[in-house]
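What follows is a short report on a single structure.
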Amino acid sequence: MKKVVIIDYGSQYTQLLARRIRELGVYSEVIQYDDNPPDEIGGIILSGGPKSVNDVDALPLPKWILNTKKPILGVCYGLQLLSKELGGKVEKTEISEYGKTEIEISNDPIFDNIPKNIITWMSHGDSVVFLPKNSSVIAKTKNNIYAAIKFSNNIYGLQFHPEVKHTEFGDKIIENFLFKIAKLEKNWSLNYFIEEKIEEIRNEINDKKAIIALSGGVDSSVATVLVHKAIGKNLKAVFVNHGLLRLNEEIEVKKIFNDLIGINLTVIDAKKRFLDKLKNIIDPEKKRKIIGEEFIRVFEEVSKNNYDYLIQGTIYSDVIESAASGKNTAKIKSHHNVGGLPEDIEFKIIEPLKYLFKDEVRKIGEILGIPKHILYRHPFPGPGLAIRIIGEITEEKLNILKKADHIFIETLKKNNWYDKVWQAFTVLTPIKTVGVVGDERNYDYVLAIRSVNSVEGMTANWSKIPFEILEEASTRITNEVKGIGRIVYDITSKPPATIEWE
Ligand SMILES: Nc1ncnc2c1ncn2[C@@H]1O[C@H](COP(=O)(O)OP(=O)(O)OP(=O)(O)O)[C@@H](O)[C@H]1O
Ligand SMILES: O=c1[nH]c(=O)c2[nH+]cn([C@@H]3O[C@H](COP(=O)(O)O)[C@@H](O)[C@H]3O)c2[nH]1
Ligand SMILES: NC(=O)CC[C@H](N)C(=O)O
Ligand SMILES: [Mg+2]
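Each residue of the sequence shown is one higher than the last, beginning at 2 in my numbering.
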């Protein structure tokens, strides 16, 4: 199958490029610059990256790339690298462009069916200042910076990021590259992915046995159904109650599981061991690593050496933020199931959804016939309330947070707002402030309410929930939950914040 190969120079958006291409129906794969070239290349994309092409340790353009004579599209760092390699010059210019930038384009097949002026999303400090021979500028920004360069009939570069949703006509530009420049044909769909994955898992696990870490969340529910189709009764589902779950979570998960498939669910009560290990721990990265390790130890105890494989519902945002996507990507936080895993694990780990984003996982779930009420639950992080209690975790704080969170979610549901937001929750801060209740002084915790809209979880904006609903939640929480004296609403987007607070 002809594929588009993406060379990863460390951009946070590399997998988004892969994903956009898959959405357009062409198979695509990400590799590192020093990996061997795969076969059946139909086109090559060079991603963005944090380095400057002029750095002494700049990541180079592998020799084989220009030798293949295949169509190439360089994005940001990729464009700068092509410019330099082909004889042009890149410099740190006085003007940097970050975020929203308008560009004016020329007539060219890569810009077919796109208006003359479009908004793009930029993120660069370096710019091309001198073109390689035989190249032409096909788009410029208001600052006169080269926004797109045609190096030859099938080698192009873009200074902006066509892969992010904020770039207007970004999808169209990628589509033009795939079908007008690289002349590829559609060969990929999620249906195809499902068939391939089932086959692959069946071949790998064969007649051995596997445990699936099932949280009742979207990702592991989809993974469970997928792997069950591959290996049937050799799959055992294990749900860990680590004491950091939402109110009534255990009961809900059992219900979800009954709706899912008819295999046994093993529920492990591990409250004490998790809470003991987390005593006095304040650093969020430490919390994540302790939780990541403890999960594995629980699964090992359940296995008693009878299971060779552990299946996890890891998805791509978990991987990229843990800096496990490529050696040139920056670490944001250690997701418990990736960066938080211990080194010695007795299982072989299989993560069938590792390269997909949340909304792709939901679509796969729909194809597999999983009920909507499971697929459209808000995500809930594996470390649970541990990373929503800022600072030290205590039983008292857990009880406060569980009640507050439950009321907030109930209020959203009652007002038909639960399905309008991507993820909503509350965070218990370690700050206490002064209040007045029944004419008496009060000194209690500040609770933060967070609700975000997102598509992939990689970027997010805070939800514009009507004030009346926030008011209803605030009144109920302060009246019904002892320990909370003040409530604030988090109005930060991602970036610069992340969705969770720790
Ligand atoms: N309480 C738990 N018991 C067993 N496995 C868990 C638990 N929490 C998380 N996991 C494992 O860790 C993985 C990552 O957790 P994550 O929260 O990202 O995914 P999810 O819970 O499946 O979906 P969602 O993002 O919708 O919450 C899960 O897919 C699952 O394999
Ligand atoms: O399984 C998980 N293990 C983790 O360690 C973890 N950390 C964050 N999240 C979830 O990932 C999405 C992005 O969150 P952040 O913007 O906070 O990184 C959001 O949906 C978060 O809830 C996690 N999920
Ligand atoms: N996003 C990028 O690829 C940035 C490339 C390079 N680091 C610059 O600042 O110009
Ligand atoms: Mg979860």
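For glycine and all other residues, C-beta sits at the position ideal for the given N, C-alpha and C. The structure displayed is predicted, hence computed values, not measured ones.
Check	Outcome
Taking the alpha-carbon of glutamate 481 as reference, which of Ile408, Ala498 and Ser494 has the nearest alpha-carbon?	Ile408
Check whether the Cβ atoms of leucine 245 and leucine 386 sit closer than 8 Å, and answer yes or no.	yes
Can serine 335 be considered in contact with ligand 4, in the sense that its beta carbon sits closer than 7 Å to one or more heavy atoms?	no
Cβ of proline 110 versus every heavy atom of ligand 1: is any distance shorter than 7 Å?	no
Heavy atom of ligand 1 less than 7 Å from the Cβ of phenylalanine 358, yes or no?	no
Return the chain-ordered list of same chain residues with a C-beta closer than 6 Å to the C-beta of glutamate 86, the five sequence neighbours on each side being excluded.	Leu62
Just confirm the distance between the C-beta atoms of phenylalanine 240 and glycine 217, as a whole number of angstroms; I'd bet it's less than 8 Å.	7 Å
State the DSSP-derived secondary structure class of histidine 162, mapped to helix, strand or coil.	coil
What is the rounded straight-line gap between the Cα of glycine 366 and the Cα of serine 124?	34 Å
Among all residues, which have a Cβ less than 5 Å from at least one non-hydrogen atom of ligand 4, and in what chain order do they fall?	Ser216, Gly218 and Phe381
When you compare each of Lys143, Glu95 and Ser12 to isoleucine 104 by their alpha carbons, which one comes out closest?	Lys143
In terms of alpha-carbon separation, which member of Gln81, Pro497 and Lys398 lies closest to phenylalanine 161?	Gln81
Return yes when the C-beta of proline 353 is under 7 Å from any heavy atom of ligand 3, and no when it is not.	no
Just tell me which of Glu197, Asp319 and Asn155 has its CA closest to the CA of asparagine 177.	Asn155
Based on Cα-Cα distance, which residue from Val339, Ile312, Ile46 and Glu251 lies nearest to isoleucine 212?	Ile312
How is the beta strand (DSSP E) around valine 447 delimited, first residue to last?	441-454
Where does lysine 287 land, buried or exposed, given buried means 16+ other C-beta within 10 angstroms?	exposed
Which of the three DSSP states, helix, strand or coil, is assigned to arginine 487?	strand
Rounded to a whole number of angstroms, what is the C-alpha to C-alpha distance between leucine 357 and glycine 458?	12 Å
So, helix, strand or coil for proline 110, using DSSP?	helix
Return the residue from the list Glu347, Leu191, Gly392 and His374 that minimises the CA-CA distance to valine 362.	Leu191
Cβ atoms of leucine 261 and lysine 403: under 8 Å apart, would you say?	no
Sort Asp208, Lys465 and Ser153 by Cα distance to lysine 134 and report the nearest one.	Ser153
Since I believe serine 128 is in contact with tyrosine 147 (beta carbons under 8 Å), could you give me their beta-carbon distance rounded to a whole number of angstroms?	7 Å
Which residues share a DSSP beta bridge with methionine 123?	Gly100
Going by C-alpha distance, which of Lys364, Ala331, Val339 and Glu196 is nearest proline 223?	It should be noted that the sequence gives valine, not proline, for residue 223. If we check each option's Cα against that of valine 223, Lys364 comes out closest.
Looking at ligand 3, does it come within less than 7 Å of tyrosine 78, judged from the CB to the closest heavy atom?	yes
Exposed or buried, what is asparagine 108 when buried is set at 16 or more other beta-carbons lying within 10 Å of its beta-carbon?	exposed
Can you check DSSP and say which residues form a bridge with aspartate 284?	Partner(s): none; aspartate 284 has no beta bridge.
Within this structure, are the beta carbons of valine 456 and lysine 101 separated by less than 8 Å?	no
By how many angstroms is the C-alpha of lysine 280 removed from the C-alpha of alanine 271?	15 Å
Output needed for lysine 187: all residues of its chain with C-beta closer than 8 Å, excluding positions within five of it in sequence on either side, in chain order.	Leu25, Gly26 and Val27
In chain order, what residues of the same chain have a beta carbon less than 6 Å from the beta carbon of histidine 243, not counting five sequence neighbours either side?	Ala271 and Phe275
With respect to 7 Å, is the separation between the Cβ of glycine 496 and the closest non-hydrogen atom of ligand 3 below this value?	Sequence check: residue 496 is proline here, not glycine. Every heavy atom of ligand 3 is 7 Å or more from the Cβ of proline 496, so no.
Would you mind stating whether glutamate 393 and isoleucine 283 have Cβ atoms separated by less than 8 Å?	yes
Locate the alpha helix (DSSP H) running through threonine 479, then write down its first and last residues.	468-481
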